[in-house]
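Numbering (the working numbering), first residue to last: 1 to 194.
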C-alpha cells in the first residue's frame, strides 16, 4: 500500500513556490506587471491556492520581500549609535538599489493608494523597526548624546525619510557613501547645542 501524501508538506511546498514565483516575477517584470494569475502559473498552483493564504498580490509580495530582506530588516545594536545607523542606512540603500528594490519601490508606491496595504506595511514591517530606532534615539537623548527638544519620532523621520523620498520621487538613487553624509548632516542638527 502506498504512503498517504502529507497535506502539510504539500501546503508548505506550494506556499514556498508561490513566494519564490512572486519574487522572480517581481524582479524580472517589475511590481506593476505581477498578477495573481502570473504567480499561480509560475508556481504551478491554482489562483484559489494563493487566495487561501493572501487576499491580493501585494500581500504575497510583502511576505516574500519581508523574508528576503535579511539584514536590512534588522536593527543593529553594537552600542555605537552612529555606526549602527550608518550600517542600517547602508543596508536599506543596498536593498532598494538591489534586485529586490524594484519590487519594494512598487509596493511602497502601491501603498499610497491602497489603505490596507499601507496599514499592513506599517504594522508588519515599518512600525516594529522604527520603534526600536526610537528607543535607541531616546536612550541617546537620555545620555545627552542627542538633543532632548526633538521628538524621537521626528528624528527617525529625519534619518529614514530622505532615503524613501529619493526612491519614491525618483530623483537620484542614493549609494552607500550617502549614508555617512546623511547621518552626519542630520546629527549636526540633533546634537546638543553648546
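Built from N, CA and C at the ideal position, the CB exists for glycine as well.
The alpha carbon of residue 120 has as its nearest neighbour, out of 101, 10, 56, the alpha carbon of 56.
If only complete runs of 4 or more residues are kept, the stretch 116-159 shows the alpha helix (DSSP H) at 127-142, in order along the chain. Here residue 169 is exposed: its Cβ has fewer than 16 other Cβ atoms, across all protein chains shown, within 10 Å. Selection 171, 81, 107, 16 evaluated against residue 135 yields 81 as nearest (Cα-Cα). Within the same chain, 58 come within 8 Å of residue 114 by CB-CB distance, once the 5 residues on both sides are set aside.
Here the stretch 125-135 makes contact with the stretch 146-156; the two share three or more CB pairs at distances below 8 Å. Taking the CA atoms as reference points, residue 183 sits about 7 Å from residue 159.
No Cβ-Cβ contact shorter than 8 Å links residue 89 with residue 34. Residue 54 sits in coil when the DSSP states are folded into three classes, being neither helix nor strand. DSSP places residue 95 in the helix class (H, G or I) of the three-state scheme. Here the alpha carbon of residue 36 sits roughly 54 Å from the alpha carbon of residue 193. For residue 167, the closest of 147, 52, 93 by C-alpha to C-alpha distance is 93.
Sequence-distant Cβ neighbours of residue 137 in its own chain, meaning closer than 6 Å and more than five residues away, are 152, 155. Residue 177 counts as exposed, since fewer than 16 other C-beta atoms from the protein chains shown sit within 10 angstroms of its C-beta.
Close CB contacts of residue 140 within its chain, under the 6 Å cut and outside five residues either way in sequence, are with 81, 146 (chain order).
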